[in-house]
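Participant: One structure coming up, written as structure tokens, with questions to follow.
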Amino acid sequence: MKKRNEKFRVGEKNLNANTIAKLSQIFNEKSWEIEDDALNQLSLFNRFCTLLSELTEPQQALIIELTERFTRIPSDQYKIHIRKILDQLATDPNIDLSCIDDIYIAPLIAPEDIGKTKSSVFVQYSFQEQFHYNPYFAHKNIRFVNGLDVESSHINNDKSLLFVVDDFIGTGDTACSALNYLFQNKNITNTRVIVISIVALNQGITKILDLGVRVFTSLICSKGISEYYSGTQLSAKLTLMESIENKIKVHRNEKLGYGQSEALVKMIRTPNNTFPVFWKEKKGRTAPFPR
């Protein structure tokens, strides 16, 4: 532990005052904790300092830019976003909740992951309390689904809806896998299904919509580089990130995040869709948001 502590102290000394000031400003704006070094050498702020100290000044500048756009939602804030989504559902002109008696809630999970501990199961049960306090849902029959084990006779009627929920949708691959399982193996009609996620990337939403399924989310995120820059600036930023990923020895399948998602998101767990520079720990490397 002593060696790691020394690394953190050296890391901060290698940063110029302007970089530390910018990082501190971001932390203050986002209400992220800045803990006393003497109390916690592994604090989030120190982890960022260590990351930045490994990089050149142009690389540091890119990480600072991306950190400004970074979304971090801890589990105790999930209920805030769930309430927002329920309000969206209640006021959507294409959904008449007055006709709905039964709402089934299933975790958004790939068929091969059924039975495993996934964040979607946590989100599934986080909905329960919020339903009780929403006037549009409080008197509905809320039924929790184990995995994706639903009966078409329960869902495919005008008085039922199936909510498939998660905290994060990235490429949409997992969502489409779950939905296709419901359609092909359970004979569920796509118009009776609604996908709900606290955070979702644009590309994932598009894939789900292409299956004829509605999507509701509290926060939609864009690709951290490709959807913020264009032309020569875009090429320069991608080249800079490539140099960072080469430096920390990112696997080719992880580059720019899973499926080249370029996500800037931390939920209960950091999704592998997020740029690996923020989460990859290997051979003693310390990351800000380890998985």
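Residue numbers 18 to 308, in the numbering used here, belong to the letters of the sequence shown in order.
Glycine included, C-beta positions come from ideal geometry on N, C-alpha and C.
1. What did DSSP end up calling Phe25 once you bin it into helix, strand or coil?
2. What residue does the alpha helix (DSSP H) around Leu68 start on, and which one ends it?
3. For Gly276, I'd like the list of residues in its chain whose CB is within less than 6 angstroms of its CB, leaving aside the five on either flank, ordered along the chain.
4. Would you decide whether Cys116 is buried or exposed? Buried here means 16 or more other CB atoms lie within 10 Å of its CB.
5. How about Phe62 and Ile80: are their beta carbons less than 8 angstroms apart?
6. DSSP state of Pro128, grouped into three classes?
7. Which two residues bound the contiguous alpha helix (DSSP H) that contains Phe144?
8. Taking Glu279 as the reference, which of Arg286, Phe295 and Leu236 has the closest Cα?
9. Can you tell me which of Cys66, Thr134, Tyr142 and Pro75 puts its alpha carbon nearest to the alpha carbon of Lys96?
10. Can you tell me which of the three DSSP states Asn263 falls into?
11. In its own chain, which residues sit with a C-beta less than 7 angstroms from the C-beta of Asp41, not counting the 5 before and 5 after it?
12. What's the call for Lys19, buried or exposed, on a 16-neighbour Cβ count within 10 Å?
13. DSSP has Leu179 in a bridge; who is on the other side?
14. Using the DSSP secondary-structure output, state which residues sit across from Thr108 in a beta bridge.
15. If Lys209 and Asn173 are in contact, beta carbons under 8 angstroms, what's the gap, nearest whole angstrom?
16. Using the beta-carbon count (16 or more within 10 Å), is Ala195 buried or exposed?
17. How many angstroms separate the CA atom of Leu165 from the CA atom of Lys157?
18. Write down the C-beta distance between Ile99 and Phe144 rounded to the nearest angstrom, noting that I regard them as a contact closer than 8 angstroms.
19. One question on the structure: do Ile102 and Phe233 come within less than 8 angstroms of each other, judged by their Cβ atoms?
20. Kindly indicate the opening and closing residues of the beta strand (DSSP E) around Ser235.
21. How about Phe180 and Tyr245: are their beta carbons less than 8 angstroms apart?
22. Quick one: what's Thr291 bridged to in DSSP?
23. Can you give me the C-alpha to C-alpha distance between Asn22 and Arg308, rounded to a whole angstrom?
24. Could you tell me the alpha carbon to alpha carbon distance between Ile159 and Ile285, rounded to whole angstroms?
25. Quick one: using the 10 Å Cβ neighbour count with 16 as the cut-off for buried, is Phe25 buried or exposed?
26. Quick one: is Lys176 buried, meaning 16 or more other Cβ sit within 10 Å of its Cβ, or exposed?
27. Would you tell me roughly how many angstroms separate the C-alpha atoms of Gln201 and Cys193, rounded to the nearest one?
28. Hey, quick one: how far does the alpha helix (DSSP H) through Asp44 stretch, first residue to last?
29. Can you tell me whether DSSP reads Asn202 as helix, strand or coil?
Facilitator: Short version:
1. Any reading at Phe25 is ruled out, since the residue's pLDDT is 42, under 50, leaving its predicted position unreliable.
2. Leu61 to Ser70
3. Thr188
4. exposed
5. no
6. helix
7. Ser136 to His149
8. Phe295
9. Tyr142
10. helix
11. For the record, residue 41 in the displayed sequence is Ser; it is not Asp. Closer than 7 angstroms at Cβ, skipping near neighbours: Ile51.
12. In this prediction, Lys19 scores a pLDDT of 36, lower than 50, which makes its location untrustworthy; the coordinate-derived value is nonetheless stated afterwards. That one is exposed.
13. Tyr121 and Val210
14. Thr108 pairs with nothing; no bridge assigned.
15. Strictly speaking, residue 209 in this sequence is Arg, with Lys absent from that position. Indeed, because the Cβ distance is near 6 angstroms, the residues count as touching under 8 angstroms.
16. buried
17. 21 angstroms
18. 6 angstroms
19. yes
20. Arg231 to Cys238
21. no
22. Ala280
23. Reliability fails at Asn22, whose pLDDT of 42 lies under 50, so the model's placement of it is uncertain and the value that follows must be treated cautiously. If you take the alpha carbons of Asn22 and Arg308, they lie about 21 angstroms apart.
24. 25 angstroms
25. With a pLDDT of only 42 at Phe25, under the threshold of 50, the placement of this residue in the model should not be trusted, and no figure is reported.
26. exposed
27. 12 angstroms
28. Asp is not the amino acid found at residue 44; the sequence shown has Phe there. Per DSSP, Phe44 belongs to the alpha helix (DSSP H) from Ala34 to Lys47.
29. helix
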